[in-house]
Amino acid sequence: MTEPPLEPATRPSPPPPLRRAQTPPPLPRVEGGFKTVLADPPWRFANRTGKVAPEHRRLDRYSTLPLEQIRRLPVPDVVADDAHLYLWVPNALLPQGLGVLEAWGFRYVSNIVWAKRRKDGGPDGRGVGFYFRNVTELVLFGVRGSLRTLAPARSQVNLIETRKREHSRKPDELYGLIEACSPAPYLELFARHPRPGWTAWGDEAAPDAVRRGRQHKGYAGGRLAEESLAGGFDPGRWSRAVAG
Ligand SMILES: C[S@@+](CC[C@H](N)C(=O)[O-])C[C@H]1O[C@@H](n2cnc3c(N)ncnc32)[C@H](O)[C@@H]1O
Numbered sequence: 001m002t003e004p005p006l007e008p009a010t011r012p013s014p015p016p017p018l019r020r021a022q023t024p025p026p027l028p029r030v031e032g033g034f035k036t037v038l039a040d041p042p043w044r045f046a047n048r049t050g051k052v053a054p055e056h057r058r059l060d061r062y063s064t065l066p067l068e069q070i071r072r073l074p075v076p077d078v079v080a081d082d083a084h085l086y087l088w089v090p091n092a093l094l095p096q097g098l099g100v101l102e103a104w105g106f107r108y109v110s111n112i113v114w115a116k117r118r119k120d121g122g123p124d125g126r127g128v129g130f131y132f133r134n135v136t137e138l139v140l141f142g143v144r145g146s147l148r149t150l151a152p153a154r155s156q157v158n159l160i161e162t163r164k165r166e167h168s169r170k171p172d173e174l175y176g177l178i179e180a181c182s183p184a185p186y187l188e189l190f191a192r193h194p195r196p197g198w199t200a201w202g203d204e205a206a207p208d209a210v211r212r213g214r215q216h217k218g219y220a221g222g223r224l225a226e227e228s229l230a231g232g233f234d235p236g237r238w239s240r241a242v243a244g
């Protein structure tokens, strides 16, 4: 039996429109250019309103930018001739991330993996993913001109293992790693939690900015449980933990 058409008064109202992308404000400059840039762009996913998407209508975490606008940011104009770039890129957008790195004048040389851990050190399997359940995120590392990493980098492994916090918030541990391995002056693009010694740029970068999205109430970052670190890496144990 076919349903009668809805009366106008009972028709569901259309969902509110998505936020419109803002034109990014001018980038900051320093004499001689920034030597090191960290960027966590508001990548736009094909499914803009899915539960995990930044622009999910009810959760409304932050605005995103079309890829072309990210590529066109005048990063080459504000960095030194010899410089480092640390660029967060979602696993699904790796080719696009490499394209942005090159468009900003850097060449890809390496990467750092953030492995999201539970308190007991096992992989935090609450992540999402269409093909696999993602428990890692990638930071692409690019070099412009000629600039080696600083001496401490020779013993720095390309892995950060911490617990995750609110949606899209990256681990603070990355700042310490960068400060040990790459020279100042430091610029963070699309910053949300400004850090002393860094120039922060982004529409939520001001210290008094009211950030959208849910703020994490309990965990404030930091180390995993001591006992989980003491035993060293046991991939067998962790794959069992994920499966179980
Ligand atoms: C992926 S989040 C950054 C998360 C941050 N790294 C953290 O750890 O919390 C991207 C940021 O870019 C900001 N953003 C979005 N559109 C922007 C624009 N047009 N200009 C400047 N910032 C923008 C968002 O508001 C958001 O704060």
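Residue numbers for the sequence shown follow my numbering, beginning at 1 and rising by one.
For every residue, glycine included, the Cβ atom is placed at its ideal position computed from N, Cα and C.
Keep in mind it's a predicted model, so treat the numbers as computed, not measured.
Exercise. Which residues have their C-beta within less than 6 Å of a heavy atom of ligand 1, listed in chain order?
Worked result: Ala21, Gln22, Pro24, Asp40, Pro42, Tyr62, Ser63, Leu65, Ser168, Arg169, Lys170, Phe190, Arg192, His193, Gly202, Asp203 and Glu204
Problem set entry | Three-state secondary structure assigned by DSSP to Gly218 | The predicted model places Gly218 with a pLDDT of 38, which falls under 50 and marks its position as unreliable; any figure quoted below should be read in that light. It is coil, neither helix nor strand.
Exercise. Between the Cα of Pro25 and the Cα atoms of Glu137, Leu65, Leu174 and Ala53, which residue gives the shortest distance?
Worked result: Leu65
Exercise. Measuring CA to CA, which of Pro194, Leu159, Asn47 and Gly127 is closest to Leu140?
Worked result: Leu159
Exercise. How close, in whole Å, do the beta carbons of Leu187 and Phe45 come, if the pair is a contact with beta carbons under 8 Å?
Worked result: Not a contact, Cβ separation roughly 25 Å.
Exercise. If you run the structure through DSSP and keep just helix, strand and coil, what is Glu166?
Worked result: coil
Exercise. Start and end of the beta strand (DSSP E) containing Val78?
Worked result: Unbroken run through Val78: none, as it is neither H nor E.
Problem set entry | For Ser110: DSSP bridge partner residues | Phe141
Exercise. Given a threshold of 16 other Cβ atoms within 10 Å of its Cβ, counted over all protein chains shown, does Ser13 qualify as buried or as exposed?
Worked result: Counting Cβ neighbours within 10 Å, Ser13 comes out exposed, since fewer than 16 surround it.
Problem set entry | Segment contact, 8 Å Cβ cut-off, at least three pairs: the region 176-196 with the region 118-125 | no
Problem set entry | Inter-residue Cα distance where the pair is Arg20 and Leu73 | 18 Å
Exercise. How about Thr149 and Trp114: are their beta carbons less than 8 Å apart?
Worked result: In this structure, Trp114 does not lie closer than 8 Å to Thr149 by Cβ.
Exercise. Would you call Glu161 buried or exposed, if buried means 16 or more other Cβ atoms sit within 10 Å of its Cβ?
Worked result: Around the Cβ of Glu161, a 10 Å sphere holds 16 or more other Cβ atoms; the residue is buried.
For this session: For Tyr249, name the three-state secondary structure that DSSP assigns.
Result: Missing from the structure shown is residue 249; the chain here goes from 1 to 244 and no further.
Exercise. Are Gly145 and Ala83 closer than 8 Å when you measure CB to CB?
Worked result: Closer than 8 Å, so yes.
Problem set entry | Separation of Ser155 from Pro28, as counted between CA atoms | 32 Å
For this session: Could you tell me the boundaries of the beta strand (DSSP E) in which Val37 lies?
Result: Phe34 to Ala39
Problem set entry | Whether Asp40 touches Lys170 by CB criterion (8 Å) | yes
Exercise. What is the rounded straight-line gap between the Cα of Tyr86 and the Cα of Glu173?
Worked result: 13 Å
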